[in-house]
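Chemist: Per numbering that gives the first Met the number 0, the very first residue in the first sequence carries number 0; after that it's consecutive. All C-beta atoms, glycine included, are put in the ideal place defined by N, C-alpha and C.
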Amino acid sequence: MLDLGFIRNHPELVKEAVRLKQSDFDVDQFLALDRQVLELQHQVETLRAEQNQISKRIGQAGKDKELRESLIAQGKQLAARLKELEPQLEALTEQRQQLLYLVPQIPDPSAPVGTSEEDNVPVRYWGEKPQFDFPLLDHYTLMQKLDLVDMERAAKIAGSRSYVLKGDAARLEMALLHFALDRIAAKGFTPLIVPAMAREFCFIGNGQFPRGRDQVYALEGEDTFLVGTAEVSITGMFKDEILSYEELPLTFVGFCPCFRKEAGTYGKDTRGVFRVHQFNKVEQYVICEASHEESVRWHEQLIRNAEELVQALEIPYRVVNVCTGDMGDGKVGMYDLECWVPSEGRYRETHSCSYFHDWQARRVNIRYRDRDGKVKFVHTLNNTAIASPRILIPLLENHQQPDGSVRIPEALRPYLGGQEVLQARR
RNA sequence: GGAGGGGUGGCAGAGCGGUCGAAUGCAGCCGUCUUGAAAACGGCCGGGCGAUGAGCCCCGGGGGUUCGAAUCCCCCCCCCUCCGCCA
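1. Please report the straight-line C-alpha distance between L249 and I286, rounded to a whole angstrom.
2. Out of V193, Q422, G327, Q277, state which residue places its alpha-carbon closest to the alpha-carbon of P106.
3. State buried or exposed for N8, treating a residue as buried only when at least 16 other CB atoms are found within 10 Å of its CB.
4. Grab me the residues of L218's own chain with a C-beta within less than 6 angstroms of its C-beta, minus the 5 sequence neighbours each way, in chain order.
5. Alpha carbon to alpha carbon, what distance is there between E199 and P103?
6. Out of R412, H398, V420, point me to the one whose CA is closest to F133's CA.
7. Can you give me the C-alpha to C-alpha distance between R303 and Q35, rounded to a whole angstrom?
8. Please give the ranges of any beta strand (DSSP E) in the segment 80-126, keeping only runs that are unbroken, at least 3 residues long and fully inside the region.
9. For P190, which residues from the same chain have a beta carbon less than 7 angstroms from its beta carbon, with the 5 sequence-adjacent residues on both sides left out?
10. Output yes or no for whether 8 angstroms exceeds the beta carbon distance between R270 and Y162.
11. Can at least three beta-carbon pairs, one atom from the segment 404-414 and one from the segment 336-355, be found at a separation below 8 angstroms?
12. Report all residues from its chain with a CB closer than 6 angstroms to the CB of M333; omit the five preceding and five following residues, and keep chain order.
13. Return the Cβ separation of R56 and L70 in integer angstroms, given the expectation that the two are a contact with Cβ distance under 8 angstroms.
14. If we count the other Cβ atoms within 10 Å of its Cβ and call it buried at 16 or more, is T264 buried or exposed?
15. Check the DSSP bridge columns for T250 and list the partner residues they point to.
16. Assign I385 to buried or exposed, taking buried as 16 or more other Cβ atoms, counted over all protein chains shown, within 10 Å of its Cβ.
17. Considering only residues of the segment 166-221, which uninterrupted beta strand (DSSP E) runs meet the minimum length of 3 residues and lie entirely inside it, listed in chain order?
18. Would you mind sorting R429 into buried or exposed? The rule is 16 or more other CB atoms within 10 Å of its CB.
See below:
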């Protein structure tokens with residue numbers, strides 16, 4: 000969400016953002032509505048001022064019956080008039096608010112301009128792609144051979160895009176999550192395990208609603224929904240709070256199960272566990288002071304943190320600077336970390352690192368008092384630490400060996416009781 | 001799920017339906033005094049819209065009664081205590 004005043008004063012900048020983000024937001028229509036609201040608001044406030052005056056005088060009138068009655072009569076008139084106008088004002092204001100939620104954030108000038116992920120710009124590569132002198136297997140085949148997954152029975156209980164992780168895969172996933180949580184916590188981030196179900200305001204807050212509502216599972220008969228990322232819950236944690244600059248930055252590494260409908264992806268990534276309805280994720284989250292430099296510093300830090308994890312897992316990857324058309328409404332800038340998937344011969348997204356300036360903070364009303372005592376909206380950022388089972392894909396494929404086993408990277412072994420390879424059970 | 005109690009400014013805690021955006025205490029800020037600090041004293045001290053003005057709005061959220069609601073009524077949410085259920 001952008002500041003109303005900013006939109007009024009810089010409509011051209013907003014229009015440019017709309018174009019860059021490929022949004023359909025109509026700035027002129029919005030401003031016209033805004034003028035209507037202002038006009039009506041002025042009328043209503045004038046009436047209320049009169050009403051307040053009269054009420055006050057009624058209170059002061061004491062035993063003067065005649066005066067009282069004439070004032071009460073006037074008050075009644077004003078009340079009647081207000082009863083007409085107030086609902087109108089309320090409706091218009093609500094309409095404006097709903098539109099306000101759709102205004103895109105202004106992307107940073109450093110973000111590549113583009114319309115789809117084709118236009119994302121690689122900024123660096125790490126690791127050497129493995130050369131296989133044997134027929135390489137894709138992750139799903141590997142998992143089947145090693146008896147790590149049961150898709151048929153998963154479908155039986157939960158339908159498509161479900162999975163049962165089995166045997167060493169179950170242990171591996173726990174190990175990965177634990178590993179990621181530990182490593183990021185060691186950097187001073189506070190570990191959190193947050194609710195996977197959250198109220199609507201949390202989703203409005205992080206920007207999931209209203210636009211991505213169709214991707215979210217609603218719980219029947221309740222005002223709660225299943226989160227698609229811990230980001231939603233963590234954003235909601237600080238709703239309506241005014242923090243002190245002294246407690247900033249707040250850095251968290253949060254875990255929770257994540258749920259996504261994946262509506263509109265039928266037929267896409269159907270093999271294996273790449274795109275599933277439920278997964279587990281450890282997420283990095285930062286709340287910092289409202290400074291662009293500070294945001295950018297943390298953005299770089301978060302992506303480096305993720306890179307360290309992937310490096311420790313010995314998976315080749317690249318980082319791409321996500322283009323304006325692919326980054327989503329709320330973001331100022333975004334990196335994706337993409338891991339090398341040998342069976343597909345391409346890099347696939349496993350991590351997503353974004354900064355929002357105060358776009359999210361405005362939506363949930365998270366503020367802080369700066370050194371001068373001024374109240375400002377905070378800046379928020381987030382990045383994946385580890386999302387599983389997706390990370391299993393590059394992990395298993397890159398480390399597969401000629402005999403069909405999979406080497407476990409050293410960094411993970413302490414979490415697996417020292418185990419060095421995944422092998423088919425005899 | 002059942003019974004009871006409660007949600008007011010950073011915290012604590014008042015608040016007969018009118019002069020309450022709200023007493024008081026603590027914390028915080030500024031000043032006086034002091035070599036300095038503490039104490040004492042004086043002042044300031046919630047947030048939003050708006051131009052640092054006028055005015056308007058906010059006492060968990062939403063409705064209602066009333067000329068007028070923090071105060072009365074209804075619904076919901078959350079917290080606490082007890083009971084039930086339960087990993």
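Modeler: Reading from the atomic positions:
1. 5 angstroms
2. G327
3. exposed
4. none
5. 20 angstroms
6. H398
7. 48 angstroms
8. 120-125
9. L180, A184, V252
10. no
11. no
12. V321, M326, S353
13. 6 angstroms
14. exposed
15. V285
16. buried
17. 189-192, 196-198
18. The structure shown does not extend to residue 429, since the chain is modelled only from 0 through 425, so no value can be given for it.
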